[in-house]
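For the sequence shown, our numbering gives the first residue as 159, with consecutive numbering after it.
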Amino acid sequence: MQEGADLLIKNASELVTLAGDNSKPRVKEHMTELGVIKGGSVAVSGGGIVAVGKTENVEQKVNITSDTRIIDAQGKTVMPGFVDPHTHLIFAGFREDELKLKLEGKTYLDILNMGGGILRTVRETRKASKEELLSNAERTLARMLCYGTTTVEAKSGYGLETETEIKCLEVIKYLNENHVMDLIPTFLGAHAIPPEYKEDVDGYVNLVVEETLPEVAEKKLAEFCDVFCEKGVFSVEQSRKILMKGKEHGFRPKIHADEIVQLGGTELAAEVEAISASHLVKSSDEGIKSMAEKEVIGVLVPGTPFALMQKEYPRARFMIDSGVPVALATDFNPNCWTESMQFMIALACYNMGMLPSEAIVASTINAAHAINRAQEIGSLEVGKEADIIILDCPNHMHIPYRFGGNLVETVVKDGKIDVGESK
Ligand code: NIG
Ligand code: FE
Numbered sequence: 159m160q161e162g163a164d165l166l167i168k169n170a171s172e173l174v175t176l177a178g179d180n181s182k183p184r185v186k187e188h189m190t191e192l193g194v195i196k197g198g199s200v201a202v203s204g205g206g207i208v209a210v211g212k213t214e215n216v217e218q219k220v221n222i223t224s225d226t227r228i229i230d231a232q233g234k235t236v237m238p239g240f241v242d243p244h245t246h247l248i249f250a251g252f253r254e255d256e257l258k259l260k261l262e263g264k265t266y267l268d269i270l271n272m273g274g275g276i277l278r279t280v281r282e283t284r285k286a287s288k289e290e291l292l293s294n295a296e297r298t299l300a301r302m303l304c305y306g307t308t309t310v311e312a313k314s315g316y317g318l319e320t321e322t323e324i325k326c327l328e329v330i331k332y333l334n335e336n337h338v339m340d341l342i343p344t345f346l347g348a349h350a351i352p353p354e355y356k357e358d359v360d361g362y363v364n365l366v367v368e369e370t371l372p373e374v375a376e377k378k379l380a381e382f383c384d385v386f387c388e389k390g391v392f393s394v395e396q397s398r399k400i401l402m403k404g405k406e407h408g409f410r411p412k413i414h415a416d417e418i419v420q421l422g423g424t425e426l427a428a429e430v431e432a433i434s435a436s437h438l439v440k441s442s443d444e445g446i447k448s449m450a451e452k453e454v455i456g457v458l459v460p461g462t463p464f465a466l467m468q469k470e471y472p473r474a475r476f477m478i479d480s481g482v483p484v485a486l487a488t489d490f491n492p493n494c495w496t497e498s499m500q501f502m503i504a505l506a507c508y509n510m511g512m513l514p515s516e517a518i519v520a521s522t523i524n525a526a527h528a529i530n531r532a533q534e535i536g537s538l539e540v541g542k543e544a545d546i547i548i549l550d551c552p553n554h555m556h557i558p559y560r561f562g563g564n565l566v567e568t569v570v571k572d573g574k575i576d577v578g579e580s581k
């Protein structure tokens, strides 16, 4: 019996399947393997992928009826939807005026110490209603979808008190259940030191491990636990305490490490067997090698040094050559306001020396591994979810080449067309 298809996307100039061994994230030269099929097709039924291959083979394999929606992708690139594995989606307000401070030479930590930065967003997020947070996030998710992102990880972290952290995680849960986008929740209670605990950081760490974490676990509001391990924020010891306690509650660790000062967060990521570590601008060679050994994914966020006007970016080339599986993410937050994974791919190539193929692996299958979803998404393979994007360009190399715009013209989410003229 042939499988019936509700949707057939055919004749793609490049069908970038990313097919391969999904048991582990891709490393080294495997990060260049895109599984491109020229003149390729993908057939979808009931929200899942039922056939992938050369157009003539797919057309023979599936049952095409008068109800099958057919999209001709001649001259276009078809690939899995982008996976954004690091965002701070839920917050209130803006921080557009901080750009002037940065231009005057103030650093990220200067602005934070002045009560701005994360702390300003915390004040506004604490005051905001759930409805307000929801409507802000919906607008962001709509833009992400237009740019081709079909799954996002979303962190809490602008509450810094149990009640508001729970409020933000509940908004993420609601969106995951009611919005077309898939959201993967991460608890980041230790994102900054709340003003009430300025003189008693250990006191706040105790609150996180004794009160907030257990409540997040009991309400099943997160899959991962993250920490901002940085000088003047949470030390390696404090971060270890939170991440280990999170593990006891079943949350796999993630970490913001060695962004501004080399503190040893990279080594800690390996020690606690984090699923991923981010930033890593100042990581030591040893730290990077220990990540490779423990298969910790480096989720690199080049939008952040860009927004901070820094010359220094994470050493992606050294990481890839050392065997670290690398992924890319927007780090969407009020300091780094970008919804575009296409722009991250461009920054990865122009400022971190990554090849276009590596940047695409990093934005799809490796990004799916970074949120433990590589069996479901991140590649176009039979049995995976039908999260597919069509780009108005003949091959994948155009994505970084034509930077700053949006090449995505159609987005298929769970087998249904969500963005695109042909909706
Ligand atoms: O990943 N570095 C810490 N946290 C965020 C920034 C959050 C903010 O500035 O609001 C980041 O870049
Ligand atoms: Fe972040």
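Ideal Cβ positions, reconstructed from N, Cα and C, are used throughout, including at glycine.
So, helix, strand or coil for residue i, using DSSP?
i	result
residue 387	strand
residue 309	strand
residue 363	helix
residue 199	strand
residue 560	coil
residue 237	strand
residue 567	strand
residue 473	coil
residue 432	coil
residue 581	In this predicted model, residue 581 has a pLDDT of only 46, less than 50, meaning its place in the structure is not dependable; the value taken from the coordinates is given anyway. If DSSP states are grouped into helix, strand and coil, residue 581 belongs with coil.
Applying the 10 Å Cβ sphere with the 16-neighbour rule, what's the burial state of residue i?
i	result
residue 323	buried
residue 204	exposed
residue 160	exposed
residue 265	exposed
residue 514	buried
residue 261	exposed
residue 570	buried
residue 239	buried
residue 581	Any answer about residue 581 is weak, because its pLDDT of 46 lies below 50 and its placement is not dependable; what the coordinates show is given next. The residue in question, residue 581, is exposed, as its Cβ has fewer than 16 Cβ neighbours within 10 Å.
Output yes if chain C places a C-beta closer than 8 Å to the C-beta of residue i; else output no.
i	result
residue 435	Annotation note: the requested chain C is absent from the structure, which comprises a single protein chain.
Rounded C-beta distance between residue i and residue j? I'm assuming under 8 Å.
i	j	result
residue 393	residue 426	Incorrect: roughly 10 Å between the Cβ atoms, too far for contact.
residue 670	residue 327	In the structure as shown, the chain begins at 159 and stops at 581. Residue 670 is therefore absent and cannot be evaluated.
residue 306	residue 547	4 Å
residue 163	residue 222	6 Å
residue 471	residue 460	6 Å
residue 388	residue 413	About 10 Å separates the two Cβ atoms, so there is no contact after all.
Could you tell me the alpha carbon to alpha carbon distance between residue i and residue j, rounded to whole angstroms?
i	j	result
residue 269	residue 494	14 Å
residue 423	residue 456	12 Å
residue 378	residue 331	10 Å
residue 577	residue 308	11 Å
residue 299	residue 285	22 Å
residue 568	residue 241	16 Å
residue 404	residue 179	30 Å
residue 293	residue 367	30 Å
residue 296	residue 467	28 Å
residue 361	residue 434	27 Å
residue 439	residue 347	23 Å
residue 492	residue 201	39 Å
residue 267	residue 197	51 Å
residue 552	residue 565	11 Å
Please go through the same chain and pick out, in chain order, the residues whose beta-carbon is closer than 8 Å to the beta-carbon of residue i, but skip the five residues on each side of it.
i	result
residue 274	253, 256 and 259
residue 562	501 and 504
residue 428	445, 448, 449, 451, 452 and 454
residue 541	206 and 207
Just to confirm my understanding: we take residue i, look at its own chain, exclude 5 residues before and 5 after, and list those with CB closer than 7 Å. What are they?
i	result
residue 409	345, 380, 381, 382 and 383
residue 463	439, 470 and 471
residue 524	183, 184, 455, 483, 484 and 485
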